[in-house]
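Per full-length UniProt numbering: the sequence shown ends with 106, consecutive numbering throughout.
Glycine residues also receive a C-beta, built at the ideal position from the N, C-alpha and C atoms.
In this text the structure is predicted, and so the values were computed from the model without any measurement.
To start, the structure itself, in structure tokens.
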Amino acid sequence: KPGEAVKRDDLIVDIETDKVVLEVLAEADGVLGAIVAEEGATVLSNQVLGSIEEGSAAAAPAPAAAAPAASAPAAPAAGGEDPIAAPAARQLAEENGINLASIKGT
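Written out as structure tokens, the structure reads:
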């Protein structure tokens, strides 16, 4: 949230592609400035997502990747083990209320 204090290496955002979830960490101590891309938005490579204000000067903006922004992780499978599934498949299953543990892989 804008105005929230962050420390160097704090997790700021997860960026999700079809194959991987990327964690973007704060590059410096500071305060979150404007957030340009909202949660769930599709962003392009090198698109600015937001900024960290270091004192009175603004730090470099957070990097971005071409993919939907992060969403909540899928519910864990019965038995405490997550089934193997791509992030996009997990998101689709979650949106449709499907438990991935109930689906047999091929």
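- For Leu92, the enclosing alpha helix (DSSP H) begins and ends at Pro87 to Glu95.
- For Ser51, the three-state secondary structure derived from DSSP is strand.
- Looking at the DSSP output, Leu44 shares a beta bridge with no other residue.
- Per DSSP, Ile98 lies in no beta strand (DSSP E) and is assigned neither H nor E.
- Secondary structure of Ile84 (DSSP, three-state): coil.
- In the same chain as Glu38, and ignoring 5 residues on each side of it, no C-beta atom comes closer than 6 Å to its own.
- With a cut-off of 8 Å on Cβ pairs, the region 87–96 is not in contact with the region 23–31, counting fewer than three such pairs.
- Annotation: Ile15 to Glu54 spans about 23 Å, alpha carbon to alpha carbon.
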